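Trainee: Counting in this note's numbering, the final residue of the sequence shown is number 208, and the numbers go up one at a time with none missing.
Pasting a structure below so you can have a look.
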Amino acid sequence: MAKVWGVSIEEARDFARKHNIQSANRMFPRKESTKNQENLIATGTMVDQIEHLKNFNIEMSKKKKAQESAITKLEQSRFGDMLTRRSDPDPIIKVKCTKPKTERMLTLYITRRVEKGKAAGQYTEVLSSQDLVKLGYNEWLQLLELVNKKKGKYFEELRLVLERLITKVKDLALVLNTSNKTSSSSVSASMSWKRTFKDV
């Protein structure tokens, strides 16, 4: 097949289709003779289009990388203090989850154990699965350990949410030690939780 400036008609047409050039058929109509198409390439129209598209793709790639970098910085700012935000939270000993028909998010019932002072006992926090981001990294690990022992679609949904959060923090290189041991410096957040106290 004849080529002009190293580009054949079929190569030009395939390139145009691959990169979603809307005018591909108009640029390289099959009904035109090969000679006419070669003349079209020879005028520089098609080559200019390809060069322009290559440059456009390069610029878009640069913008995408810049956006990804900005998102990464935002997420690092959001999760950056995951290991220091929360001051020695009470250990999680039980989790239960439900999903009302009118809600999109899971409702979690997290039971903690109080081991210090006169208030020793247990209490339950009620929160939505979207509020898990406000908890600490080590609290996620505690919850995941409990959830992995459970069965049911709601626990599976909760497990996926926890794994996504944990993976996100790892991908941001914010966690060096990913063991399941509870740290005294896990994450803190201010939440409006309903607490139900029950003496042991």
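Note that beta-carbon positions come from the ideal geometry of N, C-alpha and C, so glycine has one too.
Note that the structure is predicted; figures quoted are calculated from it, not measured.
For the structure I just gave you, are there three or more beta carbon pairs, one from the stretch 67–74 and one from the stretch 119–135, closer than 8 Å?
Mentor: They do not touch, by the three-pair rule.
Trainee: On the DSSP letters alone, give me the boundaries of the alpha helix (DSSP H) that K161 sits inside.
Mentor: Unbroken alpha helix (DSSP H) run through K161: 161–179.
Trainee: Any heavy atom of the ligand GDP within a distance shorter than 7 Å of the CB on L170?
Mentor: The ligand content of the structure shown is nil, which means the ligand GDP is not present either.
Trainee: Determine whether the beta carbon atoms of T106 and Y162 lie at a separation below 8 Å.
Mentor: Going by C-beta atoms, T106 is nearer than 8 Å to Y162.
Trainee: Report yes if the CB atom of I100 is closer than 8 Å to the CB atom of L151, and no otherwise.
Mentor: Yes, these two residues count as a Cβ contact at 8 Å.
Trainee: Taking all protein chains shown into account, do 16 or more other C-beta atoms lie within 10 angstroms of the C-beta of S133, making it buried, or fewer, making it exposed?
Mentor: Residue identity differs from the one stated: residue 133 is Glu in this sequence, not Ser. E133 comes out buried.
Trainee: Can you find the residues in the same chain that come closer than 7 Å, C-beta to C-beta, to M113, ignoring five residues on each side of it along the sequence?
Mentor: Hits under 7 Å: S136, S137, Q138.
Trainee: Nearest to L173 by CA position, among T115, E147, I118, D96, is which residue?
Mentor: The residue with the shortest Cα to Cα distance from L173 is E147.
Trainee: May I ask you to report which of helix, strand or coil DSSP gives K109?
Mentor: Coil at K109, not helix or strand.
Trainee: To which residues of the same chain is E165 closer than 7 Å at the C-beta, ignoring the five residues directly before and after it?
Mentor: Taken in chain order, the residues that qualify are L114.
Trainee: Go to E153, then tell me how far its alpha helix (DSSP H) extends in each direction, as first and last residue.
Mentor: Here the alpha helix (DSSP H) through E153 covers 145–155.
Trainee: Where does K102 fall in DSSP's three states?
Mentor: K102: strand per DSSP, three-state reduction.
Trainee: Helix, strand or coil for E5, going by three-state DSSP, please let me know.
Mentor: The chain is shown only over 9 to 208; residue 5 falls outside these bounds and no answer can be derived.
Trainee: Is the separation between the beta-carbon of V122 and that of L154 shorter than 8 Å?
Mentor: No, the Cβ-Cβ distance between V122 and L154 is not below 8 Å.
Trainee: From G160 to L61, what distance separates their C-alpha atoms?
Mentor: Approximately 51 Å between the Cα atoms of the pair.
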